[in-house]
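This report refers to the structure that appears directly beneath it.
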């Protein structure tokens, strides 16, 4: 970024420190002095180092909530002015980095956006701020979520109460209701049981009251039984409406039978249930957390049951679960209602040699469809295509040519396909 940037003093300091941090991270990495390191590996490592360098040098206080969003405006105007393939990932990375800030900072940002967004004239800045706002505010049209609580003897009654309180706090950002986010709870120790059926609580106050009344049992850690129970716990799911099924497994130790837990985890994954694992304390088996979870991005871990550790994990867990997508096969019909200002996230495996047609029958209102072949949950800045209903039905063909142009970068006037470009939208 040029020295005549419009960022304030804190913003300029942040830029300099981030640059130094990135260089230090590269030089101190194992990649730097290895003769086997490829340029692509080094580039990926540098890119993956951005979030930590951003946050460690004051992104949350000096950039995200800078006065009148001055420093975000600088980033949008000076950095994100191109719409090429790689820049979409950089924009998406900046958006998701906001989840590493504290809940207090996130609340300050959301409040400031509601007050100031209409005064922002730069369209790119406004789109970037709106994208971060939507990410932190969790305006999803709904989830079906089952919380799986470890109530074994190693946790103890005091820590179990802390876990309950954390969950109540986490759920406060979701809109709880029969047509929005529905929540159920499984408790397990030496056995597993459904203590709150999915969708049985019609509001957040009712749900928080029910969670507060869940008693601690003690006993063994039969995680496999809890995972096996998930399928029946989701019996009233809304998969035909495109609503994702999400499970979050909280545990502080190793299950009584890792092999049975592995088998049960695979069955849950094969059923299309997106599973997050949340490990607490030093007794956790990281391998078990990884195979319980749908993927590496679905694993969370904190050192203890302290309020500080829980607070650190609060925002990342909220935002990550909120943007869970529903994976549907091409040709699948879904039916449902998405209220104004909310969104539903759907993923397809794109038949790249044939293309696919998106058809939406709109009964009332308008629908905006944003699609991307490379970036999950696309925004105005990261989309590869956008279709607006304008009061009519949508019948839009997504061509293989669009896939080609969207997943290819121009490198020295030679077209070069980016390796491992996802083939879904």
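Residue numbers (this note's numbering): 3 to 427.
Each residue gets a CB set at the ideal place from its N, CA and C atoms; glycine is no exception.
Excluding its 5 nearest sequence neighbours in each direction, residue 110 has C-beta neighbours in its own chain below 8 Å: 67, listed in chain order. Residue 397 carries a strand assignment under DSSP once its states are collapsed to helix, strand and coil. Distance between residue 37 and residue 22, taken at the CA atoms: about 24 Å. If only complete runs of 3 or more residues are kept, the segment 338-410 shows the beta strand (DSSP E) at 348-350, 358-362, 370-373, 387-390 and 396-400, in order along the chain. Residue pairing by DSSP places residue 240 in no beta bridge whatsoever.
Looking at the backbone, the Cα of residue 10 and that of residue 73 are separated by about 7 Å.
Within the same chain, 277, 278, 279 and 301 come within 7 Å of residue 295 by CB-CB distance, once the 5 residues on both sides are set aside. The segment 167-175 and the segment 195-212 touch, with three or more beta-carbon pairs separated by less than 8 Å. Counting other Cβ atoms within 10 Å of its Cβ, residue 100 reaches 16 or more and is therefore classed as buried. At the C-beta level, residue 201 and residue 189 stay beyond 7 Å of one another. If you draw a straight line from the Cα of residue 237 to the Cα of residue 146, it comes to about 11 Å.
Exposure of residue 32 is indicated by the presence of fewer than 16 other C-beta atoms within 10 angstroms of its C-beta. Taking the C-beta atoms as reference points, residue 197 is found nearer than 7 Å to residue 216. With the rule of 3 Cβ pairs closer than 8 Å, the segment 325-338 counts as touching the segment 378-397. Non-local beta-carbon contacts of residue 292 in its own chain, meaning distances under 8 Å to residues more than five positions away in sequence, involve 279, 298 and 301 in chain order. Between the segment 283-290 and the segment 256-264, the count of C-beta pairs closer than 8 Å reaches three or more; the two stretches touch. Taking the CA atoms as reference points, residue 89 sits about 11 Å from residue 96.
About 6 Å separates the CB atoms of residue 169 and residue 149; that is less than 8 Å, so the two are in contact. Runs of the beta strand (DSSP E) lying entirely within the segment 226-308, each at least 3 residues long, are 247-253, 276-282 and 301-304 in chain order. Here DSSP, grouped into helix, strand and coil, assigns residue 196 to strand.
Counted as a single uninterrupted DSSP element, the beta strand (DSSP E) harbouring residue 186 occupies residues 184-190.
If you check the CB distance, residue 336 and residue 274 do not come in under 7 Å. Taking residue 118 as reference, the option from 155, 388, 75 and 17 with the minimal CA-CA separation is 75. Proximity to residue 143 across 339, 356 and 409 peaks at 339, based on C-alpha coordinates. In the structure shown, residue 75 falls within a helical segment according to DSSP collapsed to helix, strand and coil.
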